[in-house]
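Below you'll find the structure, written out as structure tokens, and then a few comments.
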Amino acid sequence: MELRIVPTFALDDQAWIRRSSISVPRFWDGHPIAPATGDVLRVGGRQFTIVGRVWEQDADGPLLRLYLSSGHAESDTMFG
0 MELRIVPTFA
10 LDDQAWIRRS
20 SISVPRFWDG
30 HPIAPATGDV
40 LRVGGRQFTI
50 VGRVWEQDAD
60 GPLLRLYLSS
70 GHAESDTMFG
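For the sequence shown, numbering that gives the first Met the number 0 gives the first residue as 0, with consecutive numbering after it.
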């Protein structure tokens with residue numbers, strides 16, 4: 000059975016991903032090692048760090064939920 004990995008973005012980042020029509024790649028498909036806290040991924044030019052992991056079990060099998068840092072940087076909106 001394949002492990003399902005679900006990235007969980009902050010609400011602001013979820014809205015940005017929807018507005019920008021960004022597709023989040025399935026980074027770990029086919030990899031035998033699950034992502035770890037501290038790993039970093041880039042989506043749509045923004046960088047996210049895995050800050051927490053929660054293992055869950057449902058009717059479809061094991062699930063690893065990744066909690067990601069905010070991709071918002073001060074430089075995104077601050078000028079001068």
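Note that beta-carbon positions come from the ideal geometry of N, C-alpha and C, so glycine has one too.
Checking the DSSP bridge columns, you'll see G51 partnered with Y66. Between G43 and S19 the beta-carbon gap is near 6 Å, inside 8 Å, which marks them as a contact. When the beta-carbon positions are compared, G60 and T48 stay at least 8 Å from each other. Taking 8 Å as the cut-off, the beta carbon of V23 is found no closer than this to the beta carbon of P34. Bounds of any alpha helix (DSSP H) do not take in L2, whose DSSP letter is neither H nor E.
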